[in-house]
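For the sequence shown, my numbering puts the final residue at 265, and the numbers step up evenly by one. Heads up, the beta-carbon is just placed ideally off N, CA and C, and yes, glycines get one too.
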Amino acid sequence: MADRCDGSRDARCLEQILTDAIDNFATSAAAPSALEIQYLLLDLRDRWQRNPDRLQPARLRCLYKTWYLLDWLARREGLGTTSPPQLPAARSPAPTIADWQRLLETRLAAFRARPSLVAYQQIQELASPQRWGELRPELLAALPPGTEAVKLDILIHEGWLDEAIAVADSLEASQSDLRQRVMDAALTARPSWVLASAQQQAEAMIAQGKAKAYPEAIAWLDRVRRAYQQLGRPADWTHYRRQLLTAPCPQIQAPGLAHPTSD
């Protein structure tokens, strides 16, 4: 990048490089071009932050053109079309509020059709702060059944741990991977919940007395150990572990339980 645009120039050179990269990517769909676009956008953002008044028009044009490309790629994936996107000219006027609104509506439709954390973040980037404050609860409420993984991704991303814990507590036993994801995110802020939930899950797995359940039991016990440590109670972990090892029930003597984790 340094040999093509230096810091003393304005955004014109960088904008032209970005435009060329986007056009090449739209034609060839080559992965390296996509990565190059990401780096160029980051470079443009850094330059804009250093001199926002002078570089903002170029930044808006580049961002707007990139959004056109992303929407075209989404349509091509969903509809199988190979027609090239209709991208704005390299130095067309900066996009209007109406232009951004159209792109926002496209992103909203994409989220409803295929919800994901990435789609959620794309909407956040496009929406104004006031509009985003209105959209955020609507997007979560609109998630259909069967999208618990997406909902948890969003809740964890937002830092809404209590809401994520409520979802985790309602999960089926077969969704242990999602419950563990919430535990890992909540360990620092909600260690007591992690401890109680992980103990319950570990003891249920051990009580099954099935060898195939032991690896998952060990994974739960590791979270029990970390929760005790987070709570400043390492001695309680040692005591709890010894209780499991000396339990009279034969099924408690699970292979590997003698050293599930280090003290």
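Residue from Glu150, Val152, Ala191, Leu142 whose Cα sits closest to the Cα of Glu163 | For clarity, residue 163 is Leu in the given sequence; the question names Glu instead. The candidate whose alpha carbon is nearest that of Leu163 is Ala191.
Return the CA-CA distance between Leu137 and Val196, expressed in angstroms with no decimal places.
-> 31 angstroms
Using DSSP with H/G/I as helix, E/B as strand and the rest coil, what is Arg227?
-> helix
Just to confirm, are Gln177 and Glu150 a CB contact at a threshold of 8 angstroms?
-> yes
For Leu128 and Leu105, believed in contact at Cβ under 8 angstroms, the rounded distance | About 6 angstroms; that satisfies the 8 angstroms criterion.
Span of the alpha helix (DSSP H) around Gln177 | Per DSSP, Gln177 belongs to no alpha helix (DSSP H) and is neither H nor E.
How many angstroms separate the CA atom of Asp171 from the CA atom of Ala100?
-> 43 angstroms
Under the three-state DSSP convention, the category Thr190 falls into = coil
Output the distance between the C-alpha atoms of Ala209 and Tyr242, rounded to the nearest integer angstrom.
-> When rounded, the separation of the alpha-carbon atoms in Ala209 and Tyr242 is 16 angstroms.
Straight-line gap, Leu119 to Ile220 (C-alpha atoms, nearest Å) | Their backbone Cα atoms lie some 30 angstroms apart in a straight line.
From this set, Gln182, Lys214, Arg235, which residue's C-alpha is nearest Gln202's C-alpha?
-> Gln182
Any idea if Pro147 is buried or exposed, counting beta-carbon neighbours within 10 angstroms, 16 or more meaning buried?
-> exposed
Three-state secondary structure (DSSP) at Gln123?
-> In this structure, Gln123 counts as helix in the three-state DSSP scheme.
Distance between Arg228 and Ala112 (C-alpha atoms, nearest Å) | 39 angstroms
When you compare only the Cα positions, how much space is there between Leu247 and Leu233?
-> 23 angstroms
Could you give the residue range of the alpha helix (DSSP H) that holds Lys153?
-> 150 to 160
Range covered by the alpha helix (DSSP H) that runs through Arg133 = 131 to 143 is the span of the alpha helix (DSSP H), which, as asked, contains Arg133.
For Ala188, which residues from the same chain have a beta carbon less than 8 angstroms from its beta carbon, with the 5 sequence-adjacent residues on both sides left out?
-> Leu163, Ala166, Ile167, Trp195, Val196
Nearest to Arg114 (by Cα), restricted to the options Glu218, Gly135, Ala144, Gln124 = Nearest of Glu218, Gly135, Ala144, Gln124 to Arg114, Cα basis: Ala144.
For my contact list, Val169 and Ala200 are in at a C-beta cut-off of 8 angstroms; report their separation, rounded to the angstrom.
-> Not quite, the Cβ-Cβ distance comes to about 17 angstroms (not below 8 angstroms), so this is no contact.
Could you give the residue range of the alpha helix (DSSP H) that holds Thr248?
-> Looking at the DSSP string, Thr248 is not in any alpha helix (DSSP H), and its letter there is neither H nor E.
Determine the contact status of Gln231 and Trp239, defining contact as a CB-CB distance below 8 angstroms.
-> yes
Measure the alpha-carbon distance for Gln126 versus Gly135 and round it to whole angstroms.
-> 9 angstroms
Where does Gln212 sit, in a helix, a strand or coil, going by DSSP?
-> Note that residue 212 corresponds to Lys in the displayed sequence, not to Gln. Here Lys212 sits in coil by DSSP.
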